[in-house]
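In our numbering, the protein residues as written are 58 to 193. Beta carbons are placed, not taken as given, at the ideal position from N, Cα and C, and that holds for glycine.
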């Protein structure tokens, strides 16, 4: 949603709706954050640690958009099968079967590039989308 003005400058910066909220309850914990774009669309993401081997990501998307992409960066080898992504040490189950896996590059440190997989879920309507992660 941020237009590119030049090589290193983006415009119409996203506006946070509130500061990230961390909640702890028993053995579970969650963090929630949200932003609003220049068109009034909102994205609220809640990440919950259910156990040491199970996590849940809920993306709540609202607004008058025609399509949105929920994205994840994954390091290592992966295999995609419909709504599921199988990696070396975990499995991800997605809410829709419109998953696209792309080769991409990230830079965790200056002058160091790392090849990754960019997993994108195409969403065509507002709603709540749940992704679960099971760690081996």
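Please tell me whether, using a cut-off of 7 Å, the distance from the CB of residue i to the nearest non-hydrogen atom of the ligand MG is below it.
i	result
residue 63	The ligand MG is not part of the structure shown, which contains no ligands of any sort.
List the residues that DSSP assigns as beta-bridge partners of residue i.
i	result
residue 95	The partner list for residue 95 (beta bridge, DSSP) is empty, contrary to what the question assumes.
residue 165	Note: residue 165 sits in no beta bridge, so no partner.
residue 105	87, 113
residue 73	92
residue 147	192
residue 185	117
Give me the Cα-Cα distance between residue i and residue j, rounded to the nearest whole angstrom.
i	j	result
residue 96	residue 176	25 Å
residue 71	residue 87	22 Å
residue 84	residue 61	42 Å
residue 94	residue 82	31 Å
What does a CB cutoff of less than 7 Å around residue i pick up in its chain, not counting 5 residues either side in sequence?
i	result
residue 192	110, 146, 147
residue 137	156, 158
With a threshold of 6 Å on Cβ separation, who are the neighbours of residue i within its own chain once the five nearest residues in sequence on each side are excluded?
i	result
residue 174	131, 135, 158
residue 104	88, 114
residue 121	none
In terms of residue numbering, what span does the beta strand (DSSP E) encompassing residue i cover?
i	result
residue 139	Residue 139 -> no beta strand (DSSP E), and no H or E assigned at all.
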